[in-house]
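So the sequence lines, in the order shown, correspond to chains A and B.
Quick note: the first sequence uses this note's numbering, first residue 30, plus one each step.
Quick note: the second sequence uses this note's numbering, first residue 30, plus one each step.
2 protein chains.
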Amino acid sequence: MQSPEPSGARPTSRDVARAAGVSQATVSLVLGEKWRGRVSERTAESVRLAARELGYRPNLAARNLRLGRTRTAMLVVPALTNEFFAHVHTGAALAAARHGFGVVLYPSPDGVGPARDPFASAQAALDGVIASSMAADALKALRGTGLPLVMLDSDPSDPGASAHLNLDVADGMRRVTGHLLELGHRRFLHLASAVPSWTFDVRAAALAEALRGTELRTVRSPLNVADAWEAADLAFGAPGPRPTAVICDDDILAVGVLKAARRRGLRVPEELSVTGFDDLALATAVEPELTTVRLPAEEFGRRGMEALLAVLAGEPAPPVTLPVSLVRRGSTGPAPAV
Amino acid sequence: MQSPEPSGARPTSRDVARAAGVSQATVSLVLGEKWRGRVSERTAESVRLAARELGYRPNLAARNLRLGRTRTAMLVVPALTNEFFAHVHTGAALAAARHGFGVVLYPSPDGVGPARDPFASAQAALDGVIASSMAADALKALRGTGLPLVMLDSDPSDPGASAHLNLDVADGMRRVTGHLLELGHRRFLHLASAVPSWTFDVRAAALAEALRGTELRTVRSPLNVADAWEAADLAFGAPGPRPTAVICDDDILAVGVLKAARRRGLRVPEELSVTGFDDLALATAVEPELTTVRLPAEEFGRRGMEALLAVLAGEPAPPVTLPVSLVRRGSTGPAPAV
DNA sequence: ACGCCGAGGTTTTACGTATAACGTCCGGAG
DNA sequence: CTCCGGACGTTATACGTAAAACCTCGGCGT
Numbered sequence: 030m031q032s033p034e035p036s037g038a039r040p041t042s043r044d045v046a047r048a049a050g051v052s053q054a055t056v057s058l059v060l061g062e063k064w065r066g067r068v069s070e071r072t073a074e075s076v077r078l079a080a081r082e083l084g085y086r087p088n089l090a091a092r093n094l095r096l097g098r099t100r101t102a103m104l105v106v107p108a109l110t111n112e113f114f115a116h117v118h119t120g121a122a123l124a125a126a127r128h129g130f131g132v133v134l135y136p137s138p139d140g141v142g143p144a145r146d147p148f149a150s151a152q153a154a155l156d157g158v159i160a161s162s163m164a165a166d167a168l169k170a171l172r173g174t175g176l177p178l179v180m181l182d183s184d185p186s187d188p189g190a191s192a193h194l195n196l197d198v199a200d201g202m203r204r205v206t207g208h209l210l211e212l213g214h215r216r217f218l219h220l221a222s223a224v225p226s227w228t229f230d231v232r233a234a235a236l237a238e239a240l241r242g243t244e245l246r247t248v249r250s251p252l253n254v255a256d257a258w259e260a261a262d263l264a265f266g267a268p269g270p271r272p273t274a275v276i277c278d279d280d281i282l283a284v285g286v287l288k289a290a291r292r293r294g295l296r297v298p299e300e301l302s303v304t305g306f307d308d309l310a311l312a313t314a315v316e317p318e319l320t321t322v323r324l325p326a327e328e329f330g331r332r333g334m335e336a337l338l339a340v341l342a343g344e345p346a347p348p349v350t351l352p353v354s355l356v357r358r359g360s361t362g363p364a365p366a367v
Numbered sequence: 030m031q032s033p034e035p036s037g038a039r040p041t042s043r044d045v046a047r048a049a050g051v052s053q054a055t056v057s058l059v060l061g062e063k064w065r066g067r068v069s070e071r072t073a074e075s076v077r078l079a080a081r082e083l084g085y086r087p088n089l090a091a092r093n094l095r096l097g098r099t100r101t102a103m104l105v106v107p108a109l110t111n112e113f114f115a116h117v118h119t120g121a122a123l124a125a126a127r128h129g130f131g132v133v134l135y136p137s138p139d140g141v142g143p144a145r146d147p148f149a150s151a152q153a154a155l156d157g158v159i160a161s162s163m164a165a166d167a168l169k170a171l172r173g174t175g176l177p178l179v180m181l182d183s184d185p186s187d188p189g190a191s192a193h194l195n196l197d198v199a200d201g202m203r204r205v206t207g208h209l210l211e212l213g214h215r216r217f218l219h220l221a222s223a224v225p226s227w228t229f230d231v232r233a234a235a236l237a238e239a240l241r242g243t244e245l246r247t248v249r250s251p252l253n254v255a256d257a258w259e260a261a262d263l264a265f266g267a268p269g270p271r272p273t274a275v276i277c278d279d280d281i282l283a284v285g286v287l288k289a290a291r292r293r294g295l296r297v298p299e300e301l302s303v304t305g306f307d308d309l310a311l312a313t314a315v316e317p318e319l320t321t322v323r324l325p326a327e328e329f330g331r332r333g334m335e336a337l338l339a340v341l342a343g344e345p346a347p348p349v350t351l352p353v354s355l356v357r358r359g360s361t362g363p364a365p366a367v
């Protein structure tokens, strides 16, 4: 009763047709919801019944071949273990599902070498790609595939993408500096991401512009706590007056700074202010909680998918920049008296 | 020179055949690497050349249809934004890529309602499924599809799965209790996950067994910091003597406990010991760092995929339980004197 | 001289679906 | 009575690939 067709093979639309006493074409019409006026209600019902009885599930490979499209998009990000990208994926996957699309991930998380042909190893045939500019190696593999491409966090003047979607990180940095300047800070350290990406260049430029006339040093670190800790510790030990505020490209880096500060006995925020970027779960897990720039990560993924859908539908997809906001928390305070 | 065939349509194996002056079958033989003795080296080379010139990429949908398999597996987890599952995905995706497989994710992250038919909305046709028992709603949708199924964190005696893979969480809890008992603790609070899953039942049972003869209360909370904070705060405010150690089902819950403790002025570990589970990045981000049970998350994903591959190859896939380890850090210390 | 075999291909077929093109029957207008 | 057009289906075809079955030819053993 549960499994009416225990015979190994999966039932096809032809099996359903046979069971319902109609032709395969009729089955396709009925199950494809395009039969108003072409098939009688009685027949349609019997087809639906037979399909249910047999547990019929259409063969996606066959459908995709026939239709020449797959309703599948690939999301290319550097690492899902970075919570930000997990949120981006969530947004993209939900928007996709809403339109009957699926999402597959680029098969090389964490920068571990991809298969020789990543687009073959993500076996799903693709209708389009959404890619973060942070996944540099993957982008090379994308050249040559004529697939529609939505770029995230990349220079909007770059052609070669079908659409561009960005976060207003320059504004984010301006809000951070505005906040810190108002608190009296004049000596800054910028703990920047060592990953090359347009988005980090933009942040650095915005910082340099906003902090013109103050003291600003820059140090780079990979996106993990241990390296950030080390980089910050090195900077704190450097000769000359210590910065009173550390501006980080990412919450993860900021957590490393917090650890370095604590180990040196530097009190945050009394002696040192620290800011993050992204507003991940980390930001409120640590003590003090991080002042940071909140990025609409899930919306970012959602809009990226929507842009891709627009491109696929032949509609225009103008470049978009999403606003960000500053979240003031305990890790920033008035600059210490000189 | 870069794009030798600017004509809109993607080249097919027949186009390559025409360009190389051979038949389509020969192209398939050569590119399929199964031509030793069937095609001359000269011909093979000319085929490869033509393919490169045209930028030929095989149509996956057609191949999948022909071969009746897709080399694609679906991973079903509750939420990628839980770092643990992001690691599981990484492990599974890497193992998959090593065997020319792709991985797609169940299209309903975060428990947001799935599409009416999640397996249609993840458009990729599937060869098999790897599912965490924590994704309860998804599991229902799995009933009826005759797909090979590898269950993670689920009762090994449950039939209906092609293979079982578990983490030795009972041992993990025994190590936690051993550590705490040795430190002199006798009054415990178990902050348990409110998500129903076999793995949490096992942990609770192991705790009850190991802490027989001591004082043990249990409180449940969803897996996020805010709820855990509230649950812990409520427990701390309850009448009667306060527990001296809180054992959490997850690092996220433990972070919530840390926050509740700090807000009440309870010093950790001097007045209260706290343990987590998973050893996520969170565990070392907070202060004090969490004593926790390290789970081999990435290996878990890798082994899950390998088990699925074994099942698909017709090989036996006996149930496996992976060992875990205790990581002692600053959040646990000697029980305070009564 | 003849058959056989292996090398080096080609022709053909099937996978399961969606849909364009094509009947068939029946009731009503002319 | 004839003819026409819906209503209701059916037949036929194409999508691109992999691989089984088949063909051709030259050389070699007997």
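Idealized CB from N, CA, C, for every residue including glycine.
Here the structure is a predicted model, which is why all the values come from computation and not from measurement.
So residue i is in the alpha helix (DSSP H); what residue range does that whole segment cover?
i, result
"A122 of chain A", "E112 to R127"
"L94 of chain B", "L89 to L96"
"V231 of chain B", "W227 to A239"
"G305 of chain A", "No alpha helix (DSSP H) contains G305 of chain A, which DSSP labels as neither H nor E."
"L287 of chain A", "D280 to R292"
Check the Cβ of residue i against every Cβ in chain B and list those closer than 8 Å, keeping chain order.
i, result
"A260 of chain A", "Those do not exist, as A260 of chain A stays about 16 Å from chain B at its closest Cβ, beyond 8 Å."
"V370 of chain A", "Here chain A covers residues 30 to 367 and nothing more, so residue 370 of chain A does not appear."
"V45 of chain A", "Those do not exist, as V45 of chain A stays about 16 Å from chain B at its closest Cβ, beyond 8 Å."
Determine the DSSP secondary structure at residue i, reduced to helix, strand or coil.
i, result
"L109 of chain B", "coil"
"R332 of chain B", "helix"
"M373 of chain A", "Residue 373 of chain A lies beyond the range of chain A shown here (30 to 367); nothing can be said about it."
"R246 of chain A", "strand"
"P143 of chain A", "Note that P143 of chain A has pLDDT 48, beneath the 50 cutoff, so the model's placement of it is unreliable and no number is given."
"V51 of chain B", "coil"
"A190 of chain B", "coil"
"A274 of chain B", "strand"
"G61 of chain B", "coil"
"R323 of chain B", "strand"
"A164 of chain A", "coil"
"G84 of chain B", "coil"
"G315 of chain B", "The residue asked about is misnamed: residue 315 of chain B is Val in this sequence, not Gly. Of the three classes helix, strand and coil, the one that applies to V315 of chain B here is coil, per DSSP."
"T41 of chain B", "coil"
"A102 of chain B", "strand"
Could you work out which residues of chain A lie near residue i, taking near to mean beta carbons separated by less than 9 Å?
i, result
"E211 of chain B", "By Cβ distance, chain A contributes nothing, its closest Cβ being about 28 Å from E211 of chain B, past 9 Å."
"E316 of chain B", "L287, K288, R291, V315 and E316"
Quick one: residues in its chain with C-beta nearer than 6 Å to the C-beta of residue i, no 5 flanking neighbours on either side, listed in chain order?
i, result
"G140 of chain A", "Low confidence applies to G140 of chain A: its pLDDT is 48, below 50, so where it sits in the model is not reliable enough to give any reading."
"P325 of chain A", "L351"
"A46 of chain A", "S52, Q53 and V56"
"A239 of chain B", "R203 and T206"
At a CB-CB cut-off below 9 Å, which residues of chain B make contact with residue i?
i, result
"H116 of chain A", "L109 and T110"
"G66 of chain A", "Within chain B, no residue comes near G66 of chain A; the closest Cβ sits about 25 Å away, beyond 9 Å."
Residue range of the beta strand (DSSP E) that residue i falls in?
i, result
"L220 of chain B", "R216 to S222"
"A366 of chain A", "Careful: A366 of chain A lies outside any beta strand (DSSP E) and carries neither H nor E."
"V132 of chain A", "G131 to L134"
Taking C-beta pairs closer than 8 Å, name the residues in chain A that residue i reaches, listed in chain order.
i, result
"T273 of chain B", "Neighbours of T273 of chain B on chain A: none; closest Cβ ~22 Å, over 8 Å."
"V297 of chain B", "Chain A residues near V297 of chain B: none, gap ~11 Å exceeds 8 Å."
Just to make sure I have the definition right: I need the residues of chain A whose C-beta is within less than 7 Å of the C-beta of residue i. Which are they?
i, result
"V284 of chain B", "A314"
"G359 of chain B", "Going along chain A, no residue has its Cβ under 7 Å from G359 of chain B, so there is no contact; the nearest lies around 12 Å."
Which residues in the same chain as residue i place their Cβ atom closer than 8 Å to its Cβ, once the five residues preceding and following it in sequence are excluded?
i, result
"P33 of chain B", "Low per-residue confidence applies at P33 of chain B: pLDDT is 45, beneath 50, and the placement is therefore not dependable enough to give any value."
Spatial neighbours of residue i within its chain, please: C-beta separation below 7 Å, excluding the five flanking residues on both sides.
i, result
"V297 of chain B", "L287, A290, V303, P317 and S360"
Three or more beta-carbon pairs under 8 Å between the region 96 to 110 of chain B and the region 112 to 120 of chain A, yes or no? yes
Between the region 276 to 285 of chain B and the region 211 to 225 of chain B, do at least 3 Cβ pairs fall closer than 8 Å? yes
Quick check: the region 89 to 106 of chain B against the region 319 to 329 of chain B, are there 3 or more CB pairs under 8 Å? no
Taking three-plus beta-carbon pairs below 8 Å as touching, is the region 344 to 357 of chain B in contact with the region 193 to 210 of chain B? yes
Can we say the region 81 to 99 of chain B touches the region 300 to 311 of chain B, given the rule of at least three CB pairs closer than 8 Å? no
When you compare the region 257 to 276 of chain A with the region 321 to 336 of chain A, are there three or more beta-carbon pairs, one atom per stretch, that lie closer than 8 Å? no
Using 8 Å as the Cβ pair cut-off and three pairs as the minimum, do the region 154 to 166 of chain B and the region 181 to 201 of chain B touch? yes
Closer than 8 Å is the cut-off here; do at least three beta carbon pairs connect the region 66 to 74 of chain B with the region 83 to 93 of chain B? no
Under 8 Å, with one C-beta from each stretch per pair, do the region 241 to 252 of chain A and the region 209 to 218 of chain A reach the 3-pair mark? yes
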